[in-house]
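Numbering (the numbering used here), first residue to last: 15 to 127.
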């Protein structure tokens, strides 16, 4: 068996066949790897060398946005900070900066809910 050696162009072409109907609900993701917001679900990935992948170390929060307003954002961010401390992780940015990233990502997503 010969394995294909895929380049960027190959992956872009193949990605078109990977689109699923539920991807339409994936609006936006801030990528710390790329340093910006992506809206193509194919780009919403976590690198294999991320601690969350190869060591199982990770925390996350989900935010609810209704009518353009983020529900209890500060409380979610403070819980994120507590969760990080509980598993001896350091957040990569201040809560204010993370708040700005969340708000900016939601704006780029362009949906009110």
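Cβ coordinates follow ideal geometry from the N, Cα and C atoms, glycine included.
Being a predicted model, the structure only gives us computed values, none of them experimental.
Find the nearest neighbour of residue i within the set the options, judged by alpha-carbon distance.
i, options, result
"residue 55", "86, 77, 32 and 63", "32"
"residue 122", "82, 67 and 71", "82"
"residue 101", "125, 16 and 72", "72"
"residue 38", "68, 53, 103 and 70", "53"
"residue 70", "103, 92, 49 and 45", "103"
With residue i and residue j assumed to form a contact (beta carbons below 8 Å), what rounded beta-carbon distance in angstroms separates them?
i, j, result
"residue 87", "residue 113", "6 Å"
"residue 10", "residue 47", "The structure shown has nothing for residue 10, since the chain only spans 15 to 127."
"residue 125", "residue 41", "6 Å"
"residue 62", "residue 84", "About 31 Å separates the two Cβ atoms, so there is no contact after all."
Should residue i and residue j be called a contact, given that it needs their Cβ atoms to be closer than 8 Å?
i, j, result
"residue 43", "residue 66", "no"
"residue 90", "residue 74", "no"
"residue 110", "residue 79", "no"
- Item | Sequence ranges, beta strand (DSSP E) only - wholly within the stretch 73–103, length at least 3 | none
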